[in-house]
Amino acid sequence: MLNNVIVINSLIEELISNSDFAEAAKQLLKDQKKSWKQLHEGYKSLKEIKIKTFQFDGFRMKLQFNPGRYISTSAEVDEKSINDRKCFLCPTNLPEKQKGILCEDEYLILGNPFPIFPEHFTIPNTNHVPQQIKSNFTLMLKLAKDLSKHYVILYNGPKCGASAPDHFHFQAGSKNFMPIDDDFHQLKKEHGEILFENDRITIAAVDDGLRRMISFESIDTEKLVTAFNNFYEIYSSISCNNGEPMMNIISAYEEEFGWRVIVFLRDKHRSSHYFAKGDNKILLSAASVDLGGVCITPLEKDFDKMTKEKLTEILTEVSLNKNSFELIKQKFDKAILRLKI
């Protein structure tokens, strides 16, 4: 069945043979727009989006009215709803016209038919395995490097933004589309605290009043994995969740500087505004793209009534509380002394 999903295209095959996965993905999307009507219509709908920008202290947040994202934003992700539906990321359930590129032996690069980015991909495992980052963090770094010519890699935790929490997947999207791509160093300077730094890795904690995040910057895969695993254990130790602690991740790679991994820490999947009644209801379900600075509202009425103050309320409510954030910083600061990084 997997063979029916893998794209047959000599140019793409040549690009893959040269390990140019970024250009191969770009070509895949170009081909799929011609051969798959749903994807074509999805990208056509991007011409109808509306955007407004809110300025904060040293950073920007954009609001995007994107009606094509209604299904994802309103997805039911409780256990019963998941068990009652077919998994839309399993190869056997993909639309007949959807084709992909096989990478790392068991992952598919697929065009996302409900795009946010100018070029947007989903990268699911070919097997039906749960959404868990710890054992897949190294893979995330490799994908970020392999696709770095054009794209960044995103991860949404199973309880905070993944529309298929039962099937492991990443997303990839156009570089420099999210404000945080450009704003991060200013954010770190004005709202951050360096937890550890040497000539191989920099680890920082950032609290900008809306989001709380831990960042890792390094040219060394081994150092990144060691630091992330240690952070993961600390975060798990204070988390109230069974299973993976709530997080969203954006990973980017530059040849000169190496990797930058930003981990957004969460308390909730959705804010009280999402569940409110009447005019108080705002359909915004924050995930990695939203926390990266492009907040998605699939309903125009929500786009129109959104204010800087309401957006602050929503993101503050779903982000990790200040006390827990401070505790992570303290524990991490002590643990760093024992790590050989």
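With this note's numbering applied, the sequence shown covers 112 to 452.
The C-beta atom is built at its ideal place from N, Cα and C for all residues, glycine as well.
DSSP places residue 357 in no alpha helix (DSSP H); its state is neither H nor E.
Residues of the same chain with a CB within less than 8 Å of the CB of residue 427, apart from the 5 flanking positions on each side, are 320, 321 in chain order. Annotated as proximal: residue 268 and residue 242, with beta-carbon spacing under 8 Å. In the structure shown, residue 275 adopts coil according to DSSP, grouped into three states. Per DSSP, the beta-bridge partners of residue 377 are 430.
Taking 8 Å as the cut-off, the beta carbon of residue 280 is found no closer than this to the beta carbon of residue 201. In this structure residue 162 is in contact with residue 173, their Cβ atoms being roughly 6 Å apart against a cut-off of 8 Å. When the alpha-carbon of residue 326 is set against those of 389, 352, 358, 354, the nearest one is in 358. Per DSSP, reduced to three states, the secondary structure at residue 235 is strand. Following the DSSP letters along the chain, one finds residue 121 inside the alpha helix (DSSP H) bounded by residues 121-128. Taking the Cα of residue 245 as reference, the smallest distance to any Cα among 421, 145, 343 is reached at 343. Nearest to residue 373 by alpha-carbon distance, out of 122, 147, 265, 250, is 265. Burial check for residue 203: the Cβ neighbour count within 10 Å stays below 16, so the residue is exposed. Contact annotation, residue 336 with residue 205: C-beta distance approximately 31 Å; criterion of less than 8 Å not satisfied.
The residue among 433, 391, 180, 331 with its C-alpha nearest the C-alpha of residue 318 is 433.
In the structure shown, the three-state DSSP call for residue 221 is strand. When secondary structure is reduced to three states using DSSP, residue 194 falls in the helix class. Short of 7 Å from the beta carbon of residue 435, and not among the five residues preceding or following it, lie these beta carbons of its own chain, in chain order: 349.
Restricting attention to 302, 309, 401, 330, the CA atom closest to the CA of residue 289 is found in 401. In its chain, beyond the 5 residues on either side, 259 have a beta carbon closer than 8 Å to the beta carbon of residue 366. Straight-line measurement puts the Cα of residue 396 at about 15 Å from the Cα of residue 411. Taken through DSSP and simplified to helix, strand or coil, residue 267 comes out as strand. Going by beta carbons, residue 291 and residue 404 fall inside the 8 Å limit.
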